[in-house]
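Reading through the structure tokens given below for one structure.
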Amino acid sequence: MPQMFRRGRFWIQLGVVVALMAFGGLLINNITVNLIRTGLGLDFGWLWRPAGFALAETALPYAPTDSYAWALVIGWMNSLKVILVGLLLATMLGVAAGAARSSRNGLLRSLSGGYVALIRQVPLLLQLLFWYFVAFLGLPDTPVGGLIHVSNQGIRLLGLNLSVEFCSVLTGLVVFTGASIAEIVRGGINAVSRGQWEAFRSLGLSEGLGLRRIVLPQALPAILPALTSQYLNLAKNSTLAIAVGFADLYAVSDTTITQTGRAIEGFLLLLLSFLLLNLLISGGMALMNRAVLGRLQRSR
Amino acid sequence: MSRPISCRLIGAVGGLIGLLSGCATLGDGTGSRLDLVQERGELFCGVSGKIPGFSFLSPDGRYAGLDVDLCKAMAAAFVGDSSKVQYRPLTAPERFTALRSGEIDLLSRNTTHTLSRDAAGGNGLSFAPTVFHDGQGLMVSVGSGVRSMADLSGKAICVGSGTTTEQNLNDAFAAQGLPYTPIKYQDLNQVVGGYLQGRCAAMTSDRSQLASARSGFKDPQQHVILADRLSKEPLAPAVVGGDQRMADATNWVVYALIEAEERGITQANLDDVLEQAVADPSQAALRRFLGVDGGLGAKLGLPDDFVVQVIRATGNYGEIYNRHLGPGSAVTIPRGPNRLGGEGGLMIAPPFT
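Those protein sequences? They're chains A and B, same order as listed. Those letters in the first sequence? Residues 19 to 318, by the working numbering. Those letters in the second sequence? Residues 35 to 387, by the working numbering.
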């Protein structure tokens, strides 16, 4: 009986493998057929030709006479900028909102609950369009205080120039991802037994201190794996930036593909860039996860 | 050019179907598409249906615009009745397949005449003469004080992706050594949104599209399209390539519209002019043009008086232009290069001899 069962499983697995290989073969065949049909082989020579389009935001010097490759690098750096700052701010917002859900303060609890409920029901693209066209482009052109100058052309903060496009994408991603992180943090906190709360309260620790030193460290192992998914989502969602005019990697690739007609090569590069980025994020999170688990084991 | 892989697949399948049905059409005999239209007594015309001034639903539920009037002029010439047209609204990706597969006889959908679309190794179409010389332009608000491209130096310009718009913009500004900041969106609606919200000093697109977009603004008079032209986009009707009779008939209907304007023949004075031509044998050229003698129509496989039918149905080219794009219309585009050759424009007709 176990023998037969095992044999049955073998055939199922073989079937799955064959189906997967057939699917992969079909994809490769399609690409080959299409390349032959259009008379194009895979060719990356265009990467070194002048791009011929300008970019609104450049972290490093860039001119339209520079190569497509350099334009893509600039786009990648713009993506990276919004993703890294976004990860940081979304984590802070998410942890604060998640912790507020467990607060003894009723107002904080319902504010945080309302935020999560509202943001999670509205599609991200719609939120980005709202932040851009309604919130940021609606800004009056007036200096707010001496150090900050706010207008619908951009925000100048202590000599740091932020475009409204960057601000909109960043706000949209942070607010949207923050709501998901808040739920993950709340779940993690709930997973810590009530006894821990009662213990630190009976020791006379304040709510904030107890949360930071007693509850959150124990909640981390439950939070981190789900947090990784949210980080990856934020990175991938950043491609929606094109809707609000931010020159991220996707927007630059889009123009590049239009001008060169090299759709397959362009998408391959785009795929590879995001794969690389997301592998970095999940790799970093895996390291952090291991460190947290190790520390927890040592402390037991 | 820039389609993702999935679209290319769909394109490949669509192309195959188009090819197969194209074969089927050719199998019907060696006859021209023109015979088919005349037999059917009706013209199937592909339009956009979404571009005010060119083809757009009017309040009475009919299509109206410059592209639509060309369908009417063709129907008047081919079957003698401008109302015998079936309009097929088509999207940009659908249009060439619809023509090749025989779903439509004529494509009149602000299509730019380019080498790849014309060539047998490309889309294999046959283009009629240009009916609207379009080109990429810049729109600014009247209050901005911007009068020419040079005034936009260092300013932000809203631009859409998906065509060569960005490259044309850069080429034009680079040629004059002007710096600028492109704010790039994915489609025209967002470009309009960014421009109206004041993010950019100007927005750029084809001038016809700018004028169409402006007709939907709350205060259209507050926006002006600059005279600077960043690219050339000759828009022309098209038929399937390799069908000389259909192509010739289409070409000469367009020429007839232009020639009629040159001769000052309008819908209003047509009957008087015709009467004169019939009465006065010394007006040889006019008599040939209006089909009183010379038998020019027969050479094209059309009635000899096809020019009369066309003018009666739609008026001359200038009348069509003014009706839909002239100063009194909702979508106002200065005639510019679309004036007659004799008046500094590009619209000319070869001799009707």
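The beta-carbon is built from N, C-alpha and C at its ideal position, and this holds for glycine as well.
Can you tell me where the beta strand (DSSP E) with residue i in it begins and where it stops?
i, result
"B/G171", "Q170 to S175"
"A/N179", "L178 to S181"
"A/H167", "I166 to S169"
"B/Y121", "V119 to P123"
"A/M110", "Here A/M110 belongs to no beta strand (DSSP E); instead the alpha helix (DSSP H) covers Y86 to R119."
"A/R174", "G172 to L175"
"B/M237", "A236 to D240"
"A/L142", "No beta strand (DSSP E) contains A/L142, which is instead part of the alpha helix (DSSP H) from L142 to L147."
"B/V193", "A190 to G194"
"A/L155", "Here A/L155 belongs to no beta strand (DSSP E), and DSSP marks it neither H nor E."
"B/S89", "S89 to L91"
Closest by CA to residue i, which one among the options?
i, options, result
"B/D282", "B/P93, B/P384, B/A153 and B/V81", "B/P384"
"A/A153", "A/L129, A/G190 and A/L78", "A/G190"
"B/K395", "B/G331, B/D314, B/N285 and B/Q243", "Since the first residue shown for chain B is 35 and the last is 387, residue 395 of chain B is missing from the structure and cannot be characterised."
"A/F62", "A/L287, A/G302 and A/R308", "A/L287"
"B/V365", "B/T148, B/I259, B/C105 and B/E293", "B/I259"
"A/L250", "A/L295, A/A117 and A/V140", "A/L295"
"B/Q72", "B/S89, B/F112 and B/G232", "B/F112"
"B/V287", "B/S116, B/N356 and B/G156", "B/S116"
"B/I345", "B/L330, B/L324, B/P361 and B/H358", "B/L324"
"B/F90", "B/L374, B/S249 and B/I292", "B/S249"
"B/L159", "B/L149, B/V165 and B/F166", "B/L149"
"B/S175", "B/Q201, B/V226 and B/Y289", "B/V226"
"B/A302", "B/R321, B/G335 and B/T348", "B/T348"
"B/N372", "B/E137, B/K252, B/T284 and B/G352", "B/G352"
"B/G87", "B/K266, B/S363, B/T164 and B/L172", "B/S363"
"B/G329", "B/F386, B/P361 and B/V274", "B/F386"
"A/V187", "A/I241, A/N96 and A/I232", "A/N96"
"B/E377", "B/Q120, B/R357 and B/E296", "B/E296"
"B/R241", "B/F207, B/A208 and B/M173", "B/M173"
Would you please state the rounded distance, in angstroms, between the beta carbons of residue i and residue j? I believe it to be under 8 Å.
i, j, result
"B/A236", "B/L186", "6 Å"
"B/P271", "B/L140", "6 Å"
"A/L65", "A/A87", "4 Å"
"B/C234", "B/I299", "Rounded, the Cβ-Cβ distance is 45 Å, inconsistent with contact."
"A/S256", "A/W94", "No, A/S256 and A/W94 are not in contact; Cβ-Cβ is about 11 Å, not under 8 Å."
"B/L222", "B/A247", "7 Å"
"A/L142", "A/F194", "5 Å"
"A/I49", "A/I282", "6 Å"
"A/L146", "A/A261", "6 Å"
"A/G112", "A/V233", "Between A/V233 and A/G112 the Cβ distance is about 16 Å, and since that is not below 8 Å, they are no contact."
"A/T109", "A/I199", "6 Å"
"B/R151", "B/S82", "Their Cβ separation, rounded to whole angstroms, is 16 Å, which puts B/R151 and B/S82 out of contact at 8 Å."
Is residue i buried or exposed, if buried means 16 or more other CB atoms sit within 10 Å of its CB?
i, result
"A/F41", "exposed"
"B/V309", "Note that residue 309 of chain B corresponds to Glu in the displayed sequence, not to Val. That one is exposed."
"B/F340", "buried"
"A/G196", "buried"
"B/D62", "In this prediction, B/D62 has a pLDDT of 42, which is less than 50 and means its spatial position is unreliable; nothing more can be read from the coordinates."
"A/L165", "exposed"
"A/R25", "exposed"
"A/K254", "exposed"
"B/P38", "Below a pLDDT of 50, predicted positions are generally treated as unreliable, and B/P38, at 45, falls in that range; the measurement from the model is reported next regardless. Exposed, by the Cβ-count rule."
"B/L53", "Model confidence at B/L53 stands at a pLDDT of 42, short of 50, so the residue's coordinates are unreliable; what they give is reported in the following sentence. Exposed: under 16 other Cβ atoms inside 10 Å."
"B/A58", "For B/A58, the predicted model reports a pLDDT of 39, less than 50, meaning its position is unreliable and no value from the coordinates is stated."
"A/V36", "exposed"
"A/Q139", "exposed"
"B/N202", "buried"
"A/P243", "exposed"
"B/C41", "Any answer about B/C41 is weak, because its pLDDT of 44 lies below 50 and its placement is not dependable; what the coordinates show is given next. Exposed is the call here."
"B/P93", "exposed"
"B/R322", "buried"
"B/N285", "buried"
Over the uninterrupted alpha helix (DSSP H) stretch that includes residue i, give me the two end residues.
i, result
"A/Y268", "L267 to T278"
"B/T348", "F340 to T348"
"A/I260", "Where A/I260 is concerned, there is no enclosing alpha helix (DSSP H), given that its DSSP letter is neither H nor E."
"B/V81", "Premise fails: B/V81 lies in the beta strand (DSSP E), L77 to V81, not in any alpha helix (DSSP H)."
"A/I232", "Run containing A/I232: none; DSSP gives neither H nor E here."
"B/S160", "Taken as a continuous stretch (DSSP letters only), B/S160 belongs to no alpha helix (DSSP H), being part of the beta strand (DSSP E) at L159 to F161."
"B/V180", "Per DSSP, B/V180 belongs to no alpha helix (DSSP H) and is neither H nor E."
Does the beta carbon of residue i sit closer than 9 Å to a beta carbon anywhere in chain C?
i, result
"A/L73", "No chain C appears in the structure shown, which is made up of the protein chains A and B."
Every unbroken alpha helix (DSSP H) inside the region 248–308 of chain B [4 residues or more]: Segments of the alpha helix (DSSP H) lying fully in the region 248–308 of chain B: 278–296.
If you scan the region 206–234 of chain B from start to end, which runs of the alpha helix (DSSP H) of 4 or more residues do you find wholly inside it? Counting only unbroken stretches of 4 or more residues, the alpha helix (DSSP H) elements lying wholly within the region 206–234 of chain B are 222–230, in sequence order.
For the region 310–336 of chain B, which segments carrying the alpha helix (DSSP H) assignment without a break, of at least 4 residues, lie completely within its bounds, in sequence order? Within the region 310–336 of chain B, complete alpha helix (DSSP H) segments of at least 4 residues are found at 318–323 and 330–334, given in chain order.
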